[in-house]
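So the protein sequences, as listed, match chains A, D, B, V and U.
Numbering follows the numbering used here, with no gaps: position 84 of the first sequence is 84.
Numbering follows the numbering used here, with no gaps: position 29 of the second sequence is 29.
Numbering follows the numbering used here, with no gaps: position 17 of the third sequence is 17.
Numbering follows the numbering used here, with no gaps: position 25 of the fourth sequence is 25.
Numbering follows the numbering used here, with no gaps: position 3 of the fifth sequence is 3.
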Amino acid sequence: MLIAKVIGNTVATIKDPKLEGRKLLICRETDQTGAPTGKPYVAVDTVNAGVGDLVLTAHGSSGRQTDITKDTPVDAVIMAIIDSLQVDGEVVFRKS
Amino acid sequence: MLIAKVIGNTVATIKDPKLEGRKLLICRETDQTGAPTGKPYVAVDTVNAGVGDLVLTAHGSSGRQTDITKDTPVDAVIMAIIDSLQVDGEVVFRKS
Amino acid sequence: MLIAKVIGNTVATIKDPKLEGRKLLICRETDQTGAPTGKPYVAVDTVNAGVGDLVLTAHGSSGRQTDITKDTPVDAVIMAIIDSLQVDGEVVFRKS
Amino acid sequence: MLIAKVIGNTVATIKDPKLEGRKLLICRETDQTGAPTGKPYVAVDTVNAGVGDLVLTAHGSSGRQTDITKDTPVDAVIMAIIDSLQVDGEVVFRKS
Amino acid sequence: MLIAKVIGNTVATIKDPKLEGRKLLICRETDQTGAPTGKPYVAVDTVNAGVGDLVLTAHGSSGRQTDITKDTPVDAVIMAIIDSLQVDGEVVFRKS
């Protein structure tokens, strides 16, 4: 899974019918402290995440292993909201 | 999913029979504002997208979860046309 | 799918039995005009492609959705030979 | 599989129910001697690994082929703890 | 598939039970002449390859389409030993 920050959202009226009602959030991959470093991608939210949250995203067919994304044409899903990250015994991120 | 701009199309007479009649569009990945930054790839259109549209593409086995791409040898599908992108509370792209 | 140029072929006597008789071509990813830019990879030919052809390759499990590659340990397949590429309304490649 | 070093862990209260009780470790890809060189990612532990261990991680759908990750929305799993690495006939890493 | 050189091996006592007895070789991706250029990864051997061999590796779920890797948590498999590579009509690699 990637550690990612939710930075925005996407509106799309014309889409595959199976995506109806799905929340499409823009994420950016971060380093191990939660600082955005990577390029943006869009993931379907399944845990009620919001802009500013640090999350975990699962990709590929693994992104379809939730009740919300099963059998849908999506390849990335937000499946956890991160409370804290600990690296080498030190807390490097804590959700405020 | 990747945010991508449709930049062109592909004509291929000799192809896997399951691709007959499929529209093969050339896409380029963009940043979170819709500006093309990445390398090109080809995706099957399922939402009647056209050159100039900003779209979402799903990849890998997820690209086969539409009625049009089911069981076909394609690994990328356009499954949404983007109306707008909002980043950090600001609209950064709106379809004209 | 990737746009790729076929640049060579591979001979391998010792291989998974399911690959017997398969044509293993060396491809290089190209930009949207068909100029090679990426690194090489090997794909199974399913459309009688040859060295010099510009082709489309499908990857991952999608590479196994042809009659020739079904259930075989291959992750890339040539599933179309490109006749022409059109970008922003202009023909940028035409098969000679 | 990637050779990776376990560098930390992740706490996430809000998550897909199928992830309940799973240990989510932060890994960093290494070179062939076990020195971290790549970017971080999160993998589910299935072999009781800990911070500092050098491990192998399997990705994508292969990450779901363990008893612990079956049918769950995870795309990376730690499936082995490395005892030693030998490159060109020389031991370049040995677990202390 | 990737063209890769086998550069070493991995010993791991603690591992997923389905990996028992599997040979885990360290590979490095090469260019089209067989010269190592990429980063290392670990693949399960299914063709009795050894250090120094130039091989083909299949990745992702395709890595599980051999008798040896079926249903196991591995995402890369060596499925062919390369005898020769021919690029633009010239032999650029021949197994010694």
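All C-beta atoms, glycine included, are put in the ideal place defined by N, C-alpha and C.
Since the model is a prediction, treat every value here as computed from it, not as a measurement.
Query	Result
Taking Leu19 of chain D as the query, report the chain B residues whose CB atoms sit under 7 Å from its CB, ordered along the chain.	Met79, Ala80
Quick one: using the 10 Å Cβ neighbour count with 16 as the cut-off for buried, is Pro17 of chain B buried or exposed?	exposed
Along the chain, where does the beta strand (DSSP E) that runs through Gly63 of chain D open and close?	It is not in any beta strand (DSSP E) - Gly63 of chain D carries neither H nor E in the DSSP assignment.
Are Leu54 of chain A and Gly34 of chain A close, meaning C-beta to C-beta below 8 Å?	yes
With DSSP run on the structure shown, which of helix, strand or coil describes Lys18 of chain B?	helix
Strictly below 8 Å CB to CB, what residues from chain D border Pro40 of chain A?	Ile3, Asp31, Gln32
Sorted by chain position, which residues of the same chain lie with C-beta nearer than 8 Å to Val42 of chain V's C-beta, five sequence neighbours on each side aside?	Thr10, Leu24, Leu25, Ile26, Cys27, Ala76
How do the stretch 60-76 of chain D and the stretch 84-94 of chain D stand: do at least 3 beta-carbon pairs fall below 8 Å, yes or no?	no
Which stretch, first to last residue, makes up the beta strand (DSSP E) that contains Asp45 of chain V?	36-45
Using the three-state DSSP reduction, which class does Thr13 of chain D fall into: helix, strand or coil?	coil
Measure the C-alpha to C-alpha separation of Ile68 of chain D and Asp83 of chain U and round it to an integer number of angstroms.	40 Å
Which residues in chain B sit within 8 Å of Val74 of chain U, going by Cβ to Cβ distance?	Those within 8 Å of Val74 of chain U in chain B number zero; the least Cβ separation is about 11 Å.
Looking at the structure shown, is Ser84 of chain V part of a helix, part of a strand, or coil, going by DSSP?	strand
Among U:Thr13, U:Thr30, U:Ser96, whose alpha-carbon lies nearest the alpha-carbon of Arg22 of chain U?	U:Thr13
Using beta carbons (cut-off 8 Å, strictly below), is Ile7 of chain V in contact with chain A?	yes
Helix, strand or coil: how does DSSP classify Lys5 of chain A here?	strand
So that I know if they touch, is there some Cβ in chain B lying closer than 8 Å to that of Ser96 of chain U?	no
Just to confirm, are Arg64 of chain A and Ser96 of chain D a CB contact at a threshold of 8 Å?	no
For Ile7 of chain U and Thr72 of chain V, what's the separation of their Cα atoms in angstroms?	34 Å
Using a 10 Å radius around the Cβ and a threshold of 16 neighbouring Cβ atoms, would you call Gly60 of chain V buried or exposed?	buried
Residues of chain D with a CB under 8 Å from the CB of Ala43 of chain B: which are they?	The contacting residues do not exist; Ala43 of chain B stays about 11 Å from chain D at best.
I'd like to know if Gly63 of chain V contacts chain A, where contact means its C-beta is closer than 8 Å to some C-beta of that chain.	yes
Using 10 angstroms around the beta-carbon of Val91 of chain B, count the other beta-carbons present and answer buried if the total reaches 16, otherwise exposed.	exposed
Measure the CB-CB distance between Lys5 of chain U and Pro36 of chain U and report whether it falls below 8 Å.	yes
Measuring alpha carbon to alpha carbon, tell me which residue in B:Lys70, B:Arg94, B:Phe93 is nearest Asp45 of chain B.	B:Lys70
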